[in-house]
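**Student:** Okay, handing you the structure first.
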Amino acid sequence: MEFALNTSLNLGTMLIPEPIQADFPWLSLSILFPIVGALIVPFIPDKGEGKEVRWYALIISLITFLITVAAYFKGFDPSLEGLQLYEKVSWLPDLGLTWSVGADGLSMPLILLTSFITSLAVLAAWPVSYKPKLFFFLILAMDGGQIAVFAVQDMLLFFLAWELELFPVYLFLAIWGGKKRQYAATKFIIYTAGSSVFILLAGLAMGFFQGGGIPDFGYTHLAQQDFGRGFQLLCYSGLLIAFGVKLPIVPLHTWLPDAHGEATAPVHMLLAGILLKMGGYALLRFNAQLLPDAHAQFAPLLIVLGVVNIIYAALTSFAQRNLKRKIAYSSISHMGFVLIGIGSFSSLGTSGAMLQMVSHGLIGASLFFLVGATYDRTHTLQLDEMGGIGQNMRIMFALWTACAFASLALPGMSGFISELMVFVGFVTDEVYTLPFRIVVASLAAIGVILTPIYLLSMLREIFFGKENAKLISKAKLVDAEPREIYIIACLLVPIIGIGLYPKIMTDTYISSIDGLVKRDLLAVERIRSDRATIMSNTSLSIGTLEAPLLD
């Protein structure tokens, strides 16, 4: 047994290449630039209308996006598996804290997605007139914090970045939200801040694992530690709760429909486009990469939870009469595919999970922006009150149709490719038994069938349902304006581009995914070997012990 553990540690270490140092601090700049830009916002001369601060925030967010693009093209090689653009500076050495940032295939696509969605969210926030300085201060600070979540390479830094984005979202909901904004904001902070305690506890436990001396919370160091299986299972359980709230996983999801129900359009874009992806990224980074033995045992549970997400949220979305809550539950359903992909032990399935996160970030942001634009015209979110507005808003109908088709996974759009990769990757994954794969695929297909039903019926009710004469006479049903068309066009271009040529995205992370899957497969073989040893020593039947791992 001791020999097996040592061998696995050496094999695991071989799968983690040495980080490549950055020639220029691109990632530090992309994190600190919007945060410093946010600190300058209170000093911008403004006449009270917010015109100057809007343009300032847009310029800062666009420059941040350009910095991340430059980081990708100047310092990132997608063919390499390991960490790149690496920076490490001692910060608080007595506590083991270092400023450590870097990017690999798991983080680089999400860093680009974050800066891209944030710049569009700033443009979507153009009509904000109530406390505009505070609003744009928060959106810029959140930009830096969310990029930090994906870029930092130290678990305590990750915890700090994870917490940083909580306060802007809380204030967005509490100040600019709807009638139930205080309830939604309080529920959000209780769920997310409460669950974050598990991240801190797991991080401290892993950093102090060896005992004595100065702790090391760096990802590379933690990935090379020989954590005991019981220790891994304990940390994995806590982290699954913390990240499951953010993803979200049913039944830890109830904060999300309430938050979306009260948020404004730009906040919707940040929630659906970026915030949920933090949970999926963290599951890959920590649970799958740092705790491979525990992941091998928890993976079947992730598959089951993914199926529950897909079916439960799709059925709930089908029954919703509130437009925001309908799209919110649709988001939860689509994130179920991320769970199935993470739970698979195939490069194709895990790659599909990554692509689904990027795809849903774009599609979710587009749909929620259109929800906000429609509400601005109709001043209602109830589908029963939205009949027959298509005649007055034909361009808006065209935009809605394109984004809804993307969400229902129409071939030629990114959602189709990502969900297909997850399906095929899981079905061909021989780690699981064939009956289990068939049952999971069949149940997940129910959600795929329900999605076009509730989305197309939603479009029919909004634009071609029974005409509400009172609404049409009172509401200003003007068609989409150039700013709105531009935002949706910016989101549709990558949605269609990835759908037609997915390699443009998958090539950025496939090397990192391959290394991650190899490490997890080693853990599967290690557990099987240990169970075989136990069976031979105790004369237990194979069927009794192997079923929990596979099914």
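In terms of this note's numbering, the sequence shown opens at residue 1 and continues consecutively. Ideal Cβ positions, reconstructed from N, Cα and C, are used throughout, including at glycine.
Under the DSSP definition of a beta bridge, which residues are partnered with Ala103?
**Tutor:** Gln84
**Student:** Expressed to the nearest angstrom, what Euclidean distance is found between the alpha-carbon atoms of Lys326 and Arg394?
**Tutor:** 22 Å
**Student:** Using the DSSP secondary-structure output, state which residues sit across from Gly218 in a beta bridge.
**Tutor:** Asp154
**Student:** Flag this pair as touching only if the region 260-276 and the region 116-136 have three or more C-beta atom pairs under 8 Å; answer yes or no.
**Tutor:** When Cβ pairs closer than 8 Å are counted between the two stretches, the region 260-276 is seen to touch the region 116-136, the count reaching three or more.
**Student:** Specify whether the region 419-429 and the region 308-326 touch according to this definition: at least 3 beta carbon pairs, one from each stretch, less than 8 Å apart.
**Tutor:** no
**Student:** Would you call Val89 buried or exposed, if buried means 16 or more other Cβ atoms sit within 10 Å of its Cβ?
**Tutor:** exposed
**Student:** Just to confirm before moving on: does the CB-CB distance between Tyr86 and Gln153 stay below 9 Å?
**Tutor:** yes
**Student:** By alpha-carbon positions, which one of Leu456, Tyr219, Ile527 and Gln84 ends up nearest to Phe318?
**Tutor:** Leu456
**Student:** Per DSSP, what are the beta-bridge partners of Gln21 in this structure?
**Tutor:** Tyr86
**Student:** I'd like the span of the alpha helix (DSSP H) that includes Ser61, first residue to last.
**Tutor:** Unbroken alpha helix (DSSP H) run through Ser61: Lys51 to Gly75.
**Student:** By the DSSP assignment, the alpha helix (DSSP H) with Asn309 in it spans what residues?
**Tutor:** It spans Pro292 to Ala319 - the alpha helix (DSSP H) in which Asn309 sits, taken as one unbroken run.
**Student:** Please report the straight-line C-alpha distance between Tyr236 and Phe286, rounded to a whole angstrom.
**Tutor:** 8 Å
**Student:** What separation, rounded to the nearest whole angstrom, lies between the Cα atoms of Lys503 and Tyr509?
**Tutor:** Computed Cα separation, rounded: 10 Å.
**Student:** Using 10 angstroms around the beta-carbon of Val169, count the other beta-carbons present and answer buried if the total reaches 16, otherwise exposed.
**Tutor:** Label assigned to Val169: buried.
**Student:** Could you check whether the region 47-64 touches the region 109-122, counting it as contact only if at least three pairs of C-beta atoms, one from each stretch, sit closer than 8 Å?
**Tutor:** yes
**Student:** Relative to the C-alpha of Gly387, which residue among Phe463, Lys131 and Ile111 is closest?
**Tutor:** Phe463
**Student:** Mapping the DSSP letters down to three states, classify Asn537 as helix, strand or coil.
**Tutor:** helix
**Student:** Please identify the residue among Ala38, Ala103, Tyr183 and Leu66 whose C-alpha is closest to the C-alpha of Ile139.
**Tutor:** Ala38
**Student:** Please confirm if the region 396-410 is in contact with the region 338-354, defined as three or more CB-CB distances below 8 Å between the two stretches.
**Tutor:** no
**Student:** For Leu92, list the residues DSSP reports as bridge partners.
**Tutor:** Leu97
**Student:** Give the straight-line distance between the Cα atoms of Ser195 and Gly218, rounded to the nearest whole angstrom.
**Tutor:** CA-CA distance, Ser195 to Gly218, rounds to 22 Å.
**Student:** Could you tell me the alpha carbon to alpha carbon distance between Ala409 and Ser359, rounded to whole angstroms?
**Tutor:** 10 Å
**Student:** Run through DSSP, which three-state label would Thr7 get?
**Tutor:** Any reading at Thr7 must be qualified, since the residue scores a pLDDT of 32, below 50, and its modelled position is unreliable; no value is offered.
**Student:** I believe Leu270 touches Met142 by the beta-carbon criterion, under 8 Å. Please report the beta-carbon distance rounded to the nearest angstrom.
**Tutor:** Rounded to whole angstroms, the Cβ separation of Leu270 and Met142 is 7 Å, and the two are in contact under 8 Å.
**Student:** Just how far apart, CA to CA, sit Leu95 and Phe198?
**Tutor:** 19 Å
**Student:** Verify whether the separation of the beta carbon atoms of Val149 and Ala282 is less than 9 Å.
**Tutor:** yes
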